[in-house]
Amino acid sequence: MTIPLVPKLLRAHLRELAINESRIDGRQRWEGRELDVESGVLPRAEGSARVRMGDTIVFAGAKFQIMQPYSDRPNQGGLMCSAEVRPVAGRHWEAGPPSPESIELGRVVDRGIRESGCIDVDSLCIIPGEKAWQVILDLFAISDDGNLFDAFALAGIVALRNAIVPAERFDIGEDYPLELSKTPIMCSYHKVGGRFVYDACGREELGGDERIHITLGDDDHVHSLQKGLKGIFSPNEFTEIMGHAQDRTKELRKIVDSL
Amino acid sequence: MGGYGDVQMIDENGLRVDGRGPSDLREISIETGVVPVADGSCRMKWGTNEAIVAVYGPMEAHPRKIQRQDRAVLDVAYNMAPFSTTDRMRPGFNRRSREISKVTKDALESVVLLELYPRSKIRISIEIVSAEAGTRCVGLTAASVALADAGIPMTDMVVSVASGKVNDVVICDLNKEEDNYGEADLPMGILPNSGELVFLQMDGDLSQEEFNQAWQLNMDAAQAIHEKMVESLKGGDSQ
Numbered sequence: 026m027t028i029p030l031v032p033k034l035l036r037a038h039l040r041e042l043a044i045n046e047s048r049i050d051g052r053q054r055w056e057g058r059e060l061d062v063e064s065g066v067l068p069r070a071e072g073s074a075r076v077r078m079g080d081t082i083v084f085a086g087a088k089f090q091i092m093q094p095y096s097d098r099p100n101q102g103g104l105m106c107s108a109e110v111r112p113v114a115g116r117h118w119e120a121g122p123p124s125p126e127s128i129e130l131g132r133v134v135d136r137g138i139r140e141s142g143c144i145d146v147d148s149l150c151i152i153p154g155e156k157a158w159q160v161i162l163d164l165f166a167i168s169d170d171g172n173l174f175d176a177f178a179l180a181g182i183v184a185l186r187n188a189i190v191p192a193e194r195f196d197i198g199e200d201y202p203l204e205l206s207k208t209p210i211m212c213s214y215h216k217v218g219g220r221f222v223y224d225a226c227g228r229e230e231l232g233g234d235e236r237i238h239i240t241l242g243d244d245d246h247v248h249s250l251q252k253g254l255k256g257i258f259s260p261n262e263f264t265e266i267m268g269h270a271q272d273r274t275k276e277l278r279k280i281v282d283s284l
Numbered sequence: 030m031g032g033y034g035d036v037q038m039i040d041e042n043g044l045r046v047d048g049r050g051p052s053d054l055r056e057i058s059i060e061t062g063v064v065p066v067a068d069g070s071c072r073m074k075w076g077t078n079e080a081i082v083a084v085y086g087p088m089e090a091h092p093r094k095i096q097r098q099d100r101a102v103l104d105v106a107y108n109m110a111p112f113s114t115t116d117r118m119r120p121g122f123n124r125r126s127r128e129i130s131k132v133t134k135d136a137l138e139s140v141v142l143l144e145l146y147p148r149s150k151i152r153i154s155i156e157i158v159s160a161e162a163g164t165r166c167v168g169l170t171a172a173s174v175a176l177a178d179a180g181i182p183m184t185d186m187v188v189s190v191a192s193g194k195v196n197d198v199v200i201c202d203l204n205k206e207e208d209n210y211g212e213a214d215l216p217m218g219i220l221p222n223s224g225e226l227v228f229l230q231m232d233g234d235l236s237q238e239e240f241n242q243a244w245q246l247n248m249d250a251a252q253a254i255h256e257k258m259v260e261s262l263k264g265g266d267s268q
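So the protein sequences, as listed, match chains W and R. Each residue of the first sequence is one higher than the one before, starting from 26 at the first, in this note's numbering. Each residue of the second sequence is one higher than the one before, starting from 30 at the first, in this note's numbering.
Written out as structure tokens, the structure reads:
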């Protein structure tokens with residue numbers, strides 16, 4: 026990823042907007058962009074989703090492979106989550122090996138899903154010590170206008186929820202739906218003009234400072250946290266964000282459940 | 030080509046496995062402006078193929094050694110998303126995608142008016158998110174629509190389509206089974222206004238007569254596809 030020049034004018038403008046309690050695209054501080062979620066959109070994937078948040082567009086595709094269980098966990102299958110942001114998604118993304126930014130994206134989403142325990146890894150075992158399913162969740166950005174984290178996390182969980190385990194293709198019985206016991210949801214906050222906002226757009230990310238990602242499970246249980254980029258935040262700021270995340274994850278979970 | 034001549038792919042009525050006649054195309058839909066942050070973009074669905082192409086530029090060409098003093102350079106990358114195939118595709122370049130990127134670039138550099146933008150670069154990202162057969166044709170065709178959507182001057186758009194042969198019958202626009210078990214594949218990149226070519230590949234086995242038939246099928250199909258491309262750029266319904 027090339028490091029974009031951040032014009033001082035943009036930062037000054039964002040600070041001024043913050044003082045006047047407004048945002049660069051006219052939203053309220055805690056308001057998300059228009060959201061569109063579609064599931065089952067990729068014919069070659071066993072589970073898939075397309076999420077659009079404003080001008081940010083991502084795909085998630087779930088595929089299954091046969092793996093040999095790890096020797097210390099012979100009764101478990103695996104989950105692998107990888108994010109790719111290729112040059113198609115924006116002029117500042119460049120070709121080449123995965124950038125630290127896209128690795129962080131994949132790993133933060135991975136932790137939220139893995140640690141929530143929504144996938145029963147024991148149920149992915151076929152023959153203990155020999156054969157198990159590996160679920161591979163690929164997150165793929167089409168258009169980056171900020172907050173790829175939330176878009177990836179949402180697309181990822183929707184793709185898993187409609188995934189079908191392709192047992193027939195591997196001669197292991199009949200196809201069946203992958204079971205998910207929980208729906209972890211991520212909410213991301215960026216410090217823009219000196220205060221945190223929800224669901225930052227590209228220009229807010231460009232002229233902003235640190236960001237915080239929170240993944241909550243069904244009972245408001247915390248499953249993953251990540252602070253990214255340079256910046257300092259206070260416990261009070263965090264409490265405020267966490268309060269909003271509790272409300273917002275419930276709204277988003279309703280949308281996911283209605284699909 | 031697989032060349033398994035004993036697999037019956039054409040029925041007694043001359044229809045193909047998906048019910049098409051020899052010269053029928055799979056269903057095609059084209060949409061522009063699908064990558065809002067790009068300067069131009071296109072999504073093309075062709076059968077169960079789906080390509081998304083974004084165009085960025087003209088912009089500064091760097092590193093400087095790639096710059097040309099008298100013209101722009103095209104930076105074309107064809108890539109298949111990991112979930113685009115039945116078995117997961119490992120991310121990253123491979124020999125196949127490098128070759129397709131190169132021939133796509135060669136085709137597009139033949140039509141873009143590069144000399145208008147000296148020392149600059151135009152980036153064309155072709156992402157196959159769902160693959161059936163003929164993804165290089167979908168990618169090249171979608172790329173020319175995306176270039177037009179970006180307002181990049183060209184002498185003509187490139188229409189790419191493939192014909193081939195299964196069970197000794199020459200057919201247009203091979204699907205997955207026909208591609209796997211067929212006896213020949215002839216993808217071409219055609220300039221619909223002049224009938225000239227900027228892209229040509231072939232593998233398999235065709236007699237001179239079959240070759241001429243396949244050639245003509247491609248030429249005719251290109252006109253039909255070109256109409257849909259123009260329609261999508263006018264903002265109309267391309268279905």
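We put the CB at the ideal spot given by N, CA and C, even for glycine. Everything numeric in this text was worked out from a predicted model, so none of it was measured.
Scanning the segment 72–145 of chain R for uninterrupted alpha helix (DSSP H) segments of 4 residues or longer gives 124–138, listed from N- to C-terminal end. The Cβ atoms of residue 188/R and residue 221/R lie closer than 7 Å to each other. Residue contact check for residue 77/R against chain W: a CB pair falls below 7 Å.
As summarised for the segment 132–191 of chain W, the continuous alpha helix (DSSP H) elements at least 4 residues long and confined to that stretch are 173–186, given in chain order.
In chain order, 94, 95, 146, 147, 149, 150 and 157 place their CB closer than 8 Å to the CB of residue 101/W, counting only its own chain and leaving out the 5 sequence neighbours on each side.
Segment contact: the segment 206–216 of chain W against the segment 154–168 of chain W, fewer than three CB-CB distances shorter than 8 Å; contact not assigned.
Interface flag for residue 114/R against chain W is set, since a Cβ pair is found closer than 7 Å.
Classified as buried, residue 170/R has 16 or more neighbouring CB atoms from the shown chains inside 10 Å of its CB. The C-alpha of residue 55/R lies about 26 Å from the C-alpha of residue 131/R. Per the DSSP secondary-structure output, residue 201/W pairs in a beta bridge with 190/W.
Note: residue 221/W is bridge-paired with 216/W in the DSSP secondary-structure output. Put simply, the segment 185–199 of chain W does not touch the segment 120–138 of chain R. Fewer than three CB pairs are less than 8 Å apart.
Residue pairing by DSSP places residue 90/W opposite 159/W in a beta bridge. Closest in C-alpha terms to residue 101/R, from the list 85/R, 44/R, 111/R and 211/R, comes 85/R. Judged by beta-carbon spacing, residue 174/R lies beyond the 7 Å limit of residue 134/R, meaning their Cβ atoms are not closer than that value. Taken through DSSP and simplified to helix, strand or coil, residue 78/W comes out as strand. At a cut-off of 7 Å, the C-beta of residue 66/R has a neighbouring C-beta in chain W.
Annotation: the continuous alpha helix (DSSP H) that includes residue 242/R extends over 237–262.
Three or more beta-carbon pairs separated by less than 8 Å are not found between the segment 148–155 of chain R and the segment 59–66 of chain W, which leaves the two stretches without contact. At least one beta carbon of chain R lies nearer than 7 Å to the beta carbon of residue 165/W. A direct Cα-Cα distance of roughly 33 Å separates residue 214/R from residue 189/W. Counting only Cβ-Cβ distances below 8 Å, residue 152/R has contacts in chain W at 112 and 116, in chain order. Secondary structure note for residue 216/R: it is in no alpha helix (DSSP H), and the uninterrupted beta strand (DSSP E) holding it is 213–220. For residue 84/W, the chain R residues whose C-beta falls within less than 8 Å of its own C-beta are 110, 112 and 158, listed in chain order. Residues of chain R with a Cβ closer than 9 Å to the Cβ of residue 90/W are, in chain order, 116 and 117. The C-beta distance from residue 107/R to residue 168/R rounds to 5 Å, short enough to meet the 8 Å contact threshold. Among the residues of chain R, those whose CB is under 8 Å from the CB of residue 161/W are 111 and 117, following chain order. No Cβ of chain R is located within less than 7 Å of the beta carbon of residue 132/W. The DSSP-derived three-state label of residue 59/W is coil.
With contacts defined by Cβ atoms closer than 7 Å, residue 113/W and residue 176/W do not form a contacting pair. Judged by DSSP secondary structure, residue 104/W falls within the beta strand (DSSP E) whose first and last residues are 103–109. Those residues of the segment 88–100 of chain R placed with their C-beta closer than 8 Å to a C-beta in chain W are 88, ordered along the chain.
73/R is the residue among 68/R, 91/R, 199/R and 73/R whose C-alpha sits nearest the C-alpha of residue 158/R. Within 10 angstroms of the beta-carbon of residue 248/W lie 16 or more other beta-carbons, which makes it buried. In the three-state scheme derived from DSSP, where H, G and I count as helix and E and B as strand, residue 113/W is classed as helix.
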